[in-house]
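Below is one structure; the comments refer to it alone.
Protein chains: 2
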Amino acid sequence: MTTPNRIAILGSTGSIGTRALDVVRDLGPQRVQVRALVAHNSVEVLARQVREFRPALAGLTCEGAREAWESLLPAVERPLTVYGPEALTAAATLDEVDTVLTATVGAVGLPATLAALERGRTLALANKEVLVCAGGIVTALAARRGARILPIDSEHSAVFQCLAGHAPASLRRIILTASGGPFRRATLDAMRRATRADALAHPTWQMGEKITIDSATMMNKGLEIIEAHHLFGLAGEQIDVVVHPESIVHSLVEFLDGSVIAQLSVPDMYLPILNALAWPDRHPSPVPRLDLASIGQLTFEPPDEERFPCLALARRAIAMGGTAPAVLNAANEIAVARFLAGDIALLDISELIARTLDAHPPTPSPGLEQILEADRWARQEVESLCSSRL
Amino acid sequence: MTTPNRIAILGSTGSIGTRALDVVRDLGPQRVQVRALVAHNSVEVLARQVREFRPALAGLTCEGAREAWESLLPAVERPLTVYGPEALTAAATLDEVDTVLTATVGAVGLPATLAALERGRTLALANKEVLVCAGGIVTALAARRGARILPIDSEHSAVFQCLAGHAPASLRRIILTASGGPFRRATLDAMRRATRADALAHPTWQMGEKITIDSATMMNKGLEIIEAHHLFGLAGEQIDVVVHPESIVHSLVEFLDGSVIAQLSVPDMYLPILNALAWPDRHPSPVPRLDLASIGQLTFEPPDEERFPCLALARRAIAMGGTAPAVLNAANEIAVARFLAGDIALLDISELIARTLDAHPPTPSPGLEQILEADRWARQEVESLCSSRL
């Protein structure tokens, strides 16, 4: 018998957060206990979660949600609740928390992540922008405090599982798989004309809108290259991408001798979440078993760097170093929002990011303030580039 | 710097033995040193090996090869040489040997294997009959003496690599891949008429004749199921087979949660041999790197148990237990020899094995003598079944 893993979930009402609570429900209170749940403003979903999991702390990062929250849950049922962005840090630093699961989207999760690592807590990381923007700070802090980072992205979870039991010095490279998204087979011309609806029609994964657009541009994979660079201490040239439309092989690692280890499963975020919450144990899951003979074939193709310039942009940001990845991430966030709002075309996203990187002299070894400043600058830069075009 | 791995190779002039010496040559004397080389009667190949690797001991299991050997190598170049079957045990028990690589074919390698394990030596095992016939004795002895068994079969090496770093209790099943052999797409009728040449035309692996016929009948995979049963302590139902004609995925393991880890590489026995001789280290190898995007697709299909009854026979032998797997193995060896001699048809092989198992009341928990007796009995039984048919 092990003691239960006491967790805080930042972003509990989003797609990862709700799936994480499915995992928690299945593992049961002997294995996992929920200490804190934080949402943005989805008070009804959060109320159901609080009634079921009885956390000591709840949080709503949107201050304006306070009234709805208080009217929804009678005081007797309502846990201590923190409102505003500081709810994230309050949950991450709550006493008797072992693991902080960051399922927030964007750089907003960064201060809470650092606060959790400062306390030596295990980080179950689903918020890729945290590593993309501040990977150097995050990994150095984790190393200094002896805190473990368990990735929840399916690709990084795969790499993590493949590397277990093998000496880091034996690794030659990792190969991240990419579904290829809805435009895998599209011509450049069709991509120029792609609508919001076209781009949101992801063939395999059910995800949030922002991540689905990132998948359509393959910036998702670009961000993952940057994440992997930090998580596994690899140079950009040690991180390859292969397009694998079935999303069964979640990533691969190649050792010095040429032997390759891969992780496979049916595509369901339940598994990387379970892996992070139960690691190093494994427990039966309701996810259907992989039946390769029924699937019949797994296909692989090289990514088309011309149609998907975001891959090269990510490598360029790694090479520029310092604040460049934070700028790439912020520029992408604004550009994707503009695309979702119907203001710009799909291929404008990479164009805007490239022009923003062009205009950015990166600060080497930045501190948190410099990263946040670069993030702010990049957002303004993309907005002003958009305005000058509209 | 680690100390060199001092090895004895039993069966150094066969396909595995010569490939093992390629690995030894590439690793260099700082990493591996050859203490003993034993062949059957290939004196010219053995002489070249002895001149290059300068073992302290040579062996020729065929007594009749003595004269040719002594005339080929002048006394001053000739290491201490042992003639006859005891050469295998002499090499396995030679002083200053860390690892015994058994690349012999058939039950002949068994006494030397046990002698090596008795001394706590690492066993690099390419002789599958050793585990098939005497798996219970071999694994119990290895456990008692703290000796490590490193499999060299590509499938078991794959499973071994996939299991590294994962708790045995987390394992649900393993999935051995099979090329499907030359008759993967053949009709039952075509298999009835198959010639020796048809059966020797293996699509992917270059191997000895016996193993190639085993691949054509899929008894190769049947024997591997029995091996895996012993090596990894799994029940027959925990060992599945999937046909994978490209021979790129060498096997897979499925954990309790549904996550699957696979090992892949271009098909070349160099890699499992290197893995066993260098484990837990990895070294660069001349084996071409795996390029999934160039390969394009990996295919999987269920094995056809009707056309390949050897799979069910292997599971039946596991279920019968005791001496039954030794009987299956011996019956198969004689039946394959009869097929290679042109005496019987391909599908007679499984038929003869089935009838031999039918006639065998297995001895539970057999000792070595009982296993060897069952082996002898099965050989005679198949010979007499053949004679009565011819």
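Here the protein sequences line up with chains A and B, keeping their order.
With the numbering used here, the residue at position 19 of the first sequence is 11, and numbering never jumps.
With the numbering used here, the residue at position 203 of the second sequence is 195, and numbering never jumps.
Note that the Cβ used here is the ideal one computed from N, Cα and C, for glycine as well.
Contacts with chain B (Cβ-Cβ distance below 7 Å) from the region 314 to 340 of chain A involve no residue at all. Residue range V241 to F247 is occupied by the beta strand (DSSP E) that includes A/E246, with no alpha helix (DSSP H) assigned at that position. Runs of alpha helix (DSSP H) with 4 or more residues, each lying fully within the region 159 to 222 of chain B, are found at 180 to 184, 188 to 192 and 201 to 209, listed in chain order. In terms of beta-carbon proximity, A/A304 stays away from the interface with chain B, with every pair separated by 8 Å or more.
Each residue's CA atom was taken as its position, placing A/A337 and A/E343 some 10 Å apart. One thing to note: A/A79 has its Cβ no nearer than 8 Å to the Cβ of A/V26. The beta carbons of A/L256 and A/S277 sit about 14 Å from each other, so the pair does not count as a contact at 8 Å. The beta carbons of A/P295 and A/V124 sit no closer together than 8 Å. Across the region 4 to 33 of chain B, no CB contact with chain A closer than 9 Å is found for any residue. Of all residues in the region 282 to 294 of chain B, the ones placed with a Cβ closer than 7 Å to any Cβ belonging to chain A are L282, L284, A285, I287, G288, Q289, L290, T291, F292, E293 and P294, in chain order. From the listed residues B/R330, B/P353 and B/V319, the smallest Cα separation to B/L364 is found for B/V319.
Taking the C-beta atoms as reference points, A/A84 is found nearer than 8 Å to A/A107. Apart from the 5 residues on each side of it in sequence, B/P301 sits with its Cβ closer than 6 Å to the Cβ of S342 in its chain, given in chain order. With respect to the 8 Å criterion, B/I253 and B/I287 are not classified as neighbours on the basis of their beta carbons.
DSSP places B/N(-3) inside the beta strand (DSSP E), whose first and last residues are N(-3) to L2.
When Cβ-Cβ separations below 8 Å define contact, A/D249 makes contact with chain B.
At a cut-off of 8 Å between beta-carbon atoms, B/R58 makes no contact with chain A. Within the region 215 to 239 of chain B, the residues whose Cβ lies closer than 7 Å to some Cβ of chain A are V234, listed in chain order. Here the region 156 to 171 of chain B makes contact with the region 224 to 237 of chain B; the two share three or more CB pairs at distances below 8 Å. By the neighbour-count definition (other C-beta atoms within 10 Å, threshold 16), B/R137 is an exposed residue. Neighbourhood of A/R(-2) in chain B, by CB distance below 8 Å: empty, with the nearest CB roughly 21 Å away.
In the structure shown, the three-state DSSP call for A/G51 is strand.
Annotated as proximal: A/A48 and A/A28, with beta-carbon spacing under 8 Å. If the five residues before and after B/P77 are omitted, its C-beta is found closer than 6 Å to the C-beta atoms of T53, all from its own chain and listed in chain order. The region 324 to 336 of chain A and the region 356 to 376 of chain A touch, with three or more beta-carbon pairs separated by less than 8 Å. Your pair A/A270 and A/L19 checks out as a contact, with CB atoms roughly 7 Å apart and the cut at 8 Å. Considering only A/E55, A/V24, A/T5 and A/A57, the residue with the shortest C-alpha distance to A/R40 is A/T5.
Residue contact check for B/E246 against chain A: a CB pair falls below 8 Å. CA-to-CA, the gap between B/T291 and B/T209 works out to about 20 Å. Using a Cβ distance threshold of 8 Å, A/A134 and A/L109 count as a contacting pair.
A distance below 6 Å between beta-carbons, with the five flanking residues on each side excluded, links A/G200 to the following residues of its chain, in chain order: S7.
Between B/F152 and B/L163, the gap from beta carbon to beta carbon reaches 8 Å or more. The beta carbon of A/P160 sits no closer than 8 Å to any beta carbon of chain B.
In the three-state reduction of the DSSP assignment, B/L282 falls in the coil class. Around the beta carbon of A/P358, 16 or more other beta carbons lie within 10 angstroms, which makes this residue buried.
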